[in-house]
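Written below as structure tokens is the structure these notes are about.
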Amino acid sequence: MAYYRQVGAVPPKRHTQHRDDQGRLYYEELMGEEGFSSDSSLLYHRNLPSAIVDSGVWELPEQATTPNHPLTPRHLKLHDLFTAEAAGSTDVVTGRRLVLGNADVRISYVVASKDSPLYRNGIGDEIVYVESGAATVETVFGALEAKTGDYVLLPRATTHRWLPHDGEPLRAYAIEGNGHIVPPKRYLSRFGQLLENAPYCERDLHGPGEPLLREGTDVEVLLKHRGSTGIVGTSLVYPQHPFDVVGWDGCLYPYTFSVHDFEPITGRVHQPPPVHQAFEGENFVICNFVPRKVDYHPLSIPVPYYHSNVDSDEIMFYCGGNYEARKGSGIGQGSVSVHPGGHSHGPQPGAYERSIGVEFFDELAVMVDTFRPLELGEGGTACDDGKYAWTWAGGKRS
């Protein structure tokens, strides 16, 4: 995180006694990254945060992936993965279907109406984009309110749960890192402040406002972590509810960020994709394509030029508006395009010419670029339309 926050009751000096009104000590917990060498927060618990009374196996949803071979551009129709009936019995944590993944990042999709169990990702940070719907996200740091268009960033090992609001189901696009997800370094000062040339600032990041205290005994928390066979799950049982933090301070905490607060960077001629970047993780980046004024050189061609992804796979999730470059391909709301490294791609036939003279693009998309090849998860295989690769040529040769 780029800045320090303090919530609830903390002592004047860290690592010193902090007591309640009856004189009982609170238990200080350091939650920190990279050992003791990076961002951290100190949380003050009523109970021992390390106390557990049972553990068992949590059978994760299918985590296996299949190589994208032979190399093929793909159109994944995420809205086909969940029926209305299935959404009514699904939660945001256990109901995720893996769409794409590699050793650095996993992308899943879920449509959910049920409250999730308590959950903690012990592998890396998660950033979840809310395509539609709304939810309260209760965390050990406090509660967050998430609505359509919000990213919810949850640092590694943050105990939390998702409580969808009544009404429409929550549609969520979950990006799970193998490390930390942060603002791009080029947007930060050497002390961590977001710079004037950044497309958003600290005012756009909304963390918990007050402690969240819950009572309970023998409380189950689902933990995703590394095992000898890959990613595995464990069910931990705590003697008291883990939401017992009376105060915390530091620079590491969950927050929300609305895609509508991302200010696009534009120019006289077409700008390269890095101007759309919002976050970065280990060997991947996350970009926002938002409604914006487009290129204003008198001879400009506003849609992207054709380009070869030499070093990365490009994954675009279309979540609003009207995406000019993909007209005629079948791509629409809830689609994901997969443009793998080594394949030259760009606008669909006719889009290049139609864009000349256009002054504004009304589009909304979340892009993930990875620097190692992505493989197809169970969900990705299930919703592949099987024909997108041939749309530039008008069809596949028999």
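Residues 1 to 398 (the UniProt record's numbering) make up the sequence shown, in order.
Note that CB positions come from ideal geometry on N, CA and C, so glycine has one too.
Beta-carbon proximity check, residue i vs residue j, cutoff 8 Å
| i | j | result |
| --- | --- | --- |
| phenylalanine 141 | proline 208 | yes |
| cysteine 287 | glutamine 271 | no |
| threonine 65 | glutamate 375 | yes |
| leucine 252 | glycine 32 | yes |
| serine 300 | valine 269 | yes |
| arginine 161 | aspartate 115 | yes |
| proline 242 | leucine 154 | no |
| alanine 112 | proline 169 | yes |
| leucine 100 | glycine 332 | no |
| serine 50 | leucine 236 | no |
| leucine 81 | arginine 96 | no |
| valine 303 | serine 355 | yes |
Opening and closing residue of the beta strand (DSSP E) in which residue i lies
| i | result |
| --- | --- |
| arginine 161 | 160-164 |
| glycine 250 | 245-250 |
| tyrosine 238 | 230-240 |
| tyrosine 255 | 255-258 |
| arginine 226 | 217-227 |
| residue 406 | Outside the shown range of the chain, which is 1 to 398, sits residue 406, and nothing can be said about it. |
| glutamine 6 | 5-8 |
| proline 67 | 65-67 |
| valine 303 | Valine 303 -> no beta strand (DSSP E), and no H or E assigned at all. |
Residue i - partner residues in DSSP beta bridges
| i | result |
| --- | --- |
| glutamate 145 | Thr136 |
| glycine 124 | Glycine 124 is not bridged to any residue. |
| histidine 45 | Tyr27, Val245 |
| tyrosine 129 | Tyr151, Tyr173 |
| isoleucine 315 | Val338, Val368 |
| glycine 320 | Leu364 |
| asparagine 197 | Bridge partners of asparagine 197: none, in fact. |
| arginine 292 | Phe361 |
| glutamate 375 | Pro67, Gly101 |
Terminal residues of the alpha helix (DSSP H) in which residue i lies
| i | result |
| --- | --- |
| threonine 83 | It is not in any alpha helix (DSSP H) - threonine 83 carries neither H nor E in the DSSP assignment. |
| alanine 382 | 378-382 |
| alanine 103 | Taken as a continuous stretch (DSSP letters only), alanine 103 belongs to no alpha helix (DSSP H), as it is neither H nor E. |
| arginine 354 | 351-354 |
Cα-Cα separation, residue i to residue j
| i | j | result |
| --- | --- | --- |
| histidine 69 | lysine 185 | 34 Å |
| valine 128 | alanine 172 | 6 Å |
| proline 274 | proline 199 | 12 Å |
| leucine 163 | isoleucine 315 | 28 Å |
| threonine 159 | threonine 391 | 44 Å |
| glycine 88 | histidine 18 | 44 Å |
| glutamine 22 | glycine 321 | 57 Å |
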